[in-house]
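Here's the structure we're looking at; comments come further down.
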Amino acid sequence: MRALEALELDSDADFDAVKAAWRRLAKANHPDVRPGDADAAVRGAARVAPQLKHVPSAWSGAVLVCGKCSKKIDGGFGKKGRTPLAKVLRKILGLKKGRKAPLGVVETRCLGVCPRGAVALIDGRDPHRWLVVPQGADVAELAARLAPQPDAR
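Start counting the sequence shown at 369; every next residue gets the next number (the numbering used here).
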């Protein structure tokens, strides 16, 4: 209902009316139409999506771990070789859960690499170099490489 109000439409508006109102609003607030108005695009987006808010986080970076790879090798890490890589990394690095941690370790669905007998991993601070961690590898060495850097402020 909020989007329809922003588009100045009734709740019984059909698809074509919504599409036309959206285009009208987009054209009216497009930065190319208003070259001197730097806030035109922001103002247009704020009318349609006012519910967006910023949430503070202590993360200095994020590590993405392929959940599909972890599942294929039944965890593959830890003392018994059955613990997922993401969980082992969090434990070794002593990270808190959620946004209070200095580094986010996030297990994704699939990164699309699927190496045999290993887990794909991306360090968000160096995203152009993906890592392939073999099953049973020394995770302490990997954790030292991924450890959050002290804040240089």
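Where a beta carbon is used, it is the ideal one built from N, C-alpha and C, also for glycine.
Nearest Cα to Ala469 within the set Leu461, Lys421 and Asp442: Leu461.
Three or more beta-carbon pairs separated by less than 8 angstroms link the region 476 to 491 to the region 428 to 448, which places the two stretches in contact. Assignment of Leu457 by DSSP, reduced to helix, strand and coil, places it in the helix class. Counted as a single uninterrupted DSSP element, the stretch harbouring Leu479 is not any beta strand (DSSP E), since DSSP gives it neither H nor E. Asp494 sits in coil when the DSSP states are folded into three classes, being neither helix nor strand. Here Gly472 is bridged, per DSSP, to Ala430.
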